Amino acid sequence: GAVVSQHPSRVICKSGTSVKIECRSLDFQATTMFWYRQFPKQSLMLMATSNEGSKATYEQGVEKDKFLINHASLTLSTLTVTSAHPEDSSFYICSARVGGVVGEQYFGPGTRLTVT
Amino acid sequence: KQEVTQIPAALSVPEGENLVLNCSFTDSAIYNLQWFRQDPGKGLTSLLLIQSSQREQTSGRLNASLDKSSGRSTLYIAASQPGDSATYLCAVSLDSSYKLIFGSGTRLLVRP
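So the sequences go chain by chain: A and B. Our numbering puts the first residue of the first sequence at 1, with every later residue one more than the last. Our numbering puts the first residue of the second sequence at 117, with every later residue one more than the last.
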């Protein structure tokens, strides 16, 4: 089956620093990748849509200069949280979409970010 | 604006029971609907995907139905097992962009 990995699985950083999270599709080429954020006991909220070779599309209320997304290849997208603050602490999950009519999405295991 | 609601928020049942989880959405113009399972601190596992033209999908002990006109979907779990304990999320996609709008989930506990 389709597998999506994320790295790191957990990261703790100090306030003001930047953190990069990688999302990889391991056995398929993903035409589109999505980045979600999940706060404790809440559901997933879409942050941005990432298409290979083009700029990411951000959802309303998500700061594109704070959450930098790079989709350099059909198997890798990265999310960089710049100048992180404690309120950015959250569970970040990516998904990768297989092209085609059905377009099922496969989700990564998530990255727990804690900003101290 | 599309909103997705899941009821109940939490459910505790004894092993062996059949159960139904509910999902409702405010705008019936959806592209498809998916049910996911999320274990604590983990990512999502896709359970069932129903296209807008379909009425239901089945996989093993799981059956999901879709009634677009009423804005409802149900996930039926037969003969529940402790291993089914998890949070179940439904999500709708509005168009071919496949961006998903998630409900808040139902936390299921199946007691041995």
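Backbone N, C-alpha and C define an ideal beta-carbon position, used for all residues, glycine too. Fair warning: this is a prediction, and the values are worked out from it, not measured in the lab.
Contact under 8 Å by Cβ, G61(A) with G159(B): no
Meets three-Cβ-pair contact criterion under 8 Å: the stretch 45 to 58 of chain A and the stretch 70 to 87 of chain A: yes
S181(B) and E131(B) closer than 8 Å at C-beta: no
Buried or exposed by the 16-neighbour rule on C-beta atoms within 10 Å, applied to F39(A): exposed
Cutoff 8 Å: F141(B) Cβ touching any chain A Cβ: no
The stretch 149 to 159 of chain B in contact with the stretch 72 to 88 of chain A per 3-pair CB rule at 8 Å: no
Short-range partners of chain A found in the stretch 210 to 226 of chain B, where Cβ spacing is below 8 Å: S212, S213, Y214, K215, L216, I217, F218, G219, S220 and G221
Three-way DSSP call (helix, strand, coil) for E172(B) in this model: strand
Beta-carbon neighbours of S162(B), restricted to chain A and to distances below 8 Å: E104, Q105, Y106 and F107
Integer-rounded CB distance, given that A126(B) should sit under 8 Å from T190(B): At roughly 17 Å, the Cβ-Cβ gap does not stay under 8 Å, so T190(B) and A126(B) are not in contact.
Among S162(B), I146(B) and T161(B), the one whose alpha carbon lies nearest that of S168(B): I146(B)
Rounded C-alpha distance that separates S18(A) from E63(A): 15 Å
Supposed contact pair L46(A) and K215(B) - C-beta distance, whole angstroms, cut 8 Å: 6 Å
Chain-ordered residues of the stretch 173 to 195 of chain B with a beta carbon less than 8 Å from chain A: none
Limits of the beta strand (DSSP E) - the one that I217(B) falls within: L216 to F218
Assumed close pair N138(B), A194(B) - CB separation to whole angstroms, cut-off 8 Å: Not confirmed; about 16 Å, so no contact.
Inter-residue spacing [alpha-carbon to alpha-carbon] between G176(B) and I166(B): 15 Å
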